[in-house]
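Below: the structure, in structure tokens.
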Amino acid sequence: MAPRDTTLFYLGNLSIPTISATPGSVIPWNESVKILCGGTPESYLYQLEILGNSTYKVVEKKLGFQKTAEFVIKHMDTNTAGRYQCRYRKQYSWSVHSEALELVVTGLYDKPSLSTNGYLVVMPGENVSLRCSSAHISFNRFSLSKERRAVLSQHQNGGRWGDFILGPVNLSFSGIYTCYSWYSGSPYVWSAPSDALQLVVTDTTNQDYTTENLIRMGMAGLPLVVLLVILAENWLGRQVPHKEDQQELPELSCSRQKTQTEWTFGLTPRVTR
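For the sequence shown, the positions run 2 to 274 when the numbering used here is used.
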């Protein structure tokens, strides 16, 4: 009799769970980290597991209907660092396992140094070369991290530095980088972080276009400003008499008054003595 296929029973129609760590997957010694396992709102049981060479160990279970379960590791050390997976249970079936999440503990060795032989302000499309070096101890692994998330690893057969090439870069490469050194026999136990370097990827072409557009908008609005000034001057000119007119008005008034007086009393004969 052929063996029974239990794959459909196990998988059902359940989506693959997600797993992530906050604030990041690279955690200093003795600090805490939160692991989030995402499922469906109908999931009533979540299970977090740490993976060994060929086995896994259940770390914790969360019971209760929820779309996302939170697992907290209060103190990171060499025992809690490693590869994690999670899964959830809905009705009578378990979901498949999530992808593996690698949690690294740092601070077990002295910090290396991170340097560059180029510039840290570059344009999109360029390459950036970084070197992580250890002054006293020879390591066979070096890792580059951006804001507490591992981004690149460099393997060495034994040495005091590892070189990293970033690029061609785009705007998403901007950020704060540190590096770590470690041994291949303990892949989740790293040194203290190096001093940070900040990489800035700037698109100066777009900035030039923005400045040019602002200048064009200003030039286009200049005739309107001039027109408004002219209209304002005309309006004020109608409201306030000119200085010359103000000087002539009293004389004109007196002249009219004199003429009117002479015309009124001009009918009366003058008596000449």
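Glycine is no exception: its CB is placed at the ideal position from the N, C-alpha and C atoms. The structure presented is a predicted model; accordingly, all values stated were derived computationally and were not measured.
Cα-Cα separation, residue i to residue j
i, j, result
"Leu-145", "Lys-68", "33 Å"
"Thr-81", "Asp-111", "21 Å"
"Arg-88", "Tyr-120", "45 Å"
"Gln-92", "Pro-42", "12 Å"
"Pro-125", "Asn-118", "18 Å"
"Ile-20", "Arg-142", "26 Å"
"Leu-131", "Asp-204", "21 Å"
"Ser-134", "Asn-54", "30 Å"
"Asp-209", "Gly-176", "At Asp-209 the pLDDT is 48, less than 50, meaning the model places this residue with poor confidence and gives no usable figure here."
"Tyr-189", "Val-170", "28 Å"
"Lys-63", "Lys-35", "14 Å"
"Ile-74", "Tyr-57", "17 Å"
"Leu-15", "Asp-196", "44 Å"
"Gln-199", "Val-230", "50 Å"
"Val-129", "Gln-157", "20 Å"
"Ile-166", "Thr-179", "14 Å"
"Ile-138", "His-98", "38 Å"
"Gln-247", "Val-226", "Below a pLDDT of 50, predicted positions are generally treated as unreliable, and Gln-247, at 48, falls in that range; the measurement from the model is reported next regardless. Going from the Cα of Gln-247 to the Cα of Val-226 covers about 31 Å."
"Ser-33", "Ala-22", "11 Å"
"Leu-1", "Glu-234", "Given a span of 2 to 274 for the chain in the structure shown, any question on residue 1 remains unanswerable."
"Ser-116", "Gly-25", "23 Å"
"Ala-136", "Phe-72", "38 Å"
"Tyr-45", "Glu-61", "14 Å"
"Ala-151", "Val-59", "25 Å"
"Pro-224", "Lys-147", "51 Å"
"His-76", "Arg-149", "17 Å"
"Gln-155", "Gly-40", "34 Å"
When the options are compared against residue i, the one with the closest alpha-carbon
i, options, result
"Ser-192", "Ser-99, Met-77 and Thr-107", "Thr-107"
"Phe-66", "Met-124, Ser-96, Tyr-47 and Thr-179", "Tyr-47"
"Ile-17", "Ser-26, Cys-38 and Ser-33", "Cys-38"
"Phe-174", "Val-122, Ser-182, Ile-138 and Val-105", "Val-122"
"Ser-114", "Gln-157, Asp-164 and Asp-78", "Asp-164"
"Trp-30", "Asp-78, Phe-72 and Gly-40", "Asp-78"
"Thr-95", "Gln-155, Pro-224, Ser-26 and Leu-49", "According to the sequence shown, residue 95 is Trp rather than Thr. Closest by alpha carbon: Leu-49."
"Phe-140", "Arg-161, Lys-147, Arg-150 and Gln-155", "Arg-161"
Supposed contact pair residue j and residue i - C-beta distance, whole angstroms, cut 8 Å
i, j, result
"Ile-51", "Arg-84", "7 Å"
"Leu-153", "Val-202", "Not a contact, Cβ separation roughly 16 Å."
"Tyr-184", "Pro-194", "The pair is not a contact, with the Cβ atoms about 17 Å apart (cut-off 8 Å)."
"Glu-127", "Gly-186", "Incorrect: roughly 36 Å between the Cβ atoms, too far for contact."
"Ile-28", "Leu-104", "6 Å"
"Gln-86", "Ala-101", "6 Å"
Beta bridge counterpart(s) of residue i as assigned by DSSP
i, result
"Leu-225", "Per DSSP, none; premise fails for Leu-225."
"Ala-70", "Cys-38"
"Gln-199", "Ile-177"
"Gly-53", "According to DSSP, Gly-53 bridges with nothing at all."
"Ala-22", "Ile-36"
"Leu-232", "According to DSSP, Leu-232 bridges with nothing at all."
"Trp-30", "Partner(s): none; Trp-30 has no beta bridge."
"Gly-1", "Residue 1 lies beyond the residue range present for the chain, which begins at 2 and ends at 274; the question has no answer from this structure."
"Gln-48", "Lys-62 and Arg-88"
"Ser-94", "Lys-91"
"Ser-182", "Phe-143"
Could you tell me which uninterrupted beta strand (DSSP E) segments, each at least 3 residues in length, are contained entirely in the segment 111-174, listed from first to last along the chain?
-> 114-117, 129-134, 140-147, 150-160 and 162-167
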